[in-house]
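Just below is one structure, and these are the notes that go with it.
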């Protein structure tokens with residue numbers, strides 16, 4: 003079984019460099035609703051028996067560009083890990099601060115974030131089980147931060163990775179292979 007995991011295309015959105023907590027939360031929602039930039043990415047050309055997309059439009063729109071004649075299986079299991087401000091304040095703090103502290107809260111399972119790390123792991127584990135049960139070559143169009151957890155869970159059940167990196171760029175992919183069940 004060969005699964006190509008692809009990060010969605012670049013989103014046409016310009017983040018504010020500094021935000022209050024309320025502004026940051028608003029920017030996160032706007033980002034989720036923004037269109038992608040229509041660009042070309044090179045992915046392995048093969049016959050994908052199934053194409054999975056997340057519920058977020060940037061994943062679905064990327065799939066439409068990459069697989070123009072494909073049918074897509076939408077799954078909440080491969081949505082991006084949601085992000086929100088780490089605390090309430092009217093101070094204008096740098097964007098990197100909000101991203102860093104929000105992801106640290108996620109890592110330490112803080113309930114301020116919409117999803118905790120253990121919940122993300124469970125979601126990824128459930129998706130790996132789903133593709134394992136399908137047992138077919140597939141493409142998965144998902145999200146950069148979530149990809150790390152997904153790949154970890156895939157490795158646990160015997161997938162071998164090619165092309166994994168520390169920071170996935172838009173349109174970048176990883177090939178995960180596992181011997182098919184006979």
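In my numbering, the protein residues as written are 3 to 184.
Glycine residues also receive a C-beta, built at the ideal position from the N, C-alpha and C atoms.
query: Exposed unless 16 or more other CB atoms sit within 10 angstroms - verdict on residue 6; result: buried
query: Residue range of the unbroken alpha helix (DSSP H) whose run includes residue 164; result: Premise fails: residue 164 lies in the beta strand (DSSP E), 162-164, not in any alpha helix (DSSP H).
query: Terminal residues of the alpha helix (DSSP H) in which residue 130 lies; result: 119-136
query: Whole-number beta carbon distance between residue 142 and residue 33, since they are thought to touch under 8 angstroms; result: With a Cβ gap of about 21 angstroms, residue 33 and residue 142 do not count as contacting.
query: Per-residue DSSP class, three states only, for residue 7; result: strand
query: Where residue 78 falls: helix, strand or coil (DSSP); result: helix
query: Anticipated Cβ contact below 8 angstroms, residue 12 with residue 172, distance rounded; result: 4 angstroms
query: Pick from 22, 94 and 82 that is closest to residue 121, judged by C-alpha positions; result: 82
query: Distance CB(residue 56)-CB(residue 80) smaller than 8 angstroms; result: yes
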